[in-house]
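Report on the structure given below.
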Amino acid sequence: MTDTHESPPGSSLPEIISKPAHRALAGAGIVSLEQLNTITEAELLKLHGMGPKGIRILRQALADKGLDFAK
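Per this note's numbering, the sequence shown runs over residues 22 to 92.
This is the structure we're talking about:
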């Protein structure tokens, strides 16, 4: 069984991200990878439902687009 969630239409977040991580991002108003440029990894880890695996998935997705988290 996998705990993944398909991103809603218009979202550029990875589809393999877990449901809790997706809900955490959605609750914070984040629906695109580009929005993560303004948020640090430490800030994301403070969101309930976001963990190290979610950060790794997002980091790779950002790198694939030539983007990164805020420093």
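Where is the CB? At the ideal position from N, CA and C, for every residue including glycine.
Of the candidates 66, 33, 57, 57 places its Cα closest to the Cα of residue 88.
DSSP places residue 91 in no alpha helix (DSSP H); its state is neither H nor E. In this structure, 80 is the residue among 35, 44, 80 with its C-alpha nearest to the C-alpha of residue 60. Residue range 62-66 is occupied by the alpha helix (DSSP H) that includes residue 63.
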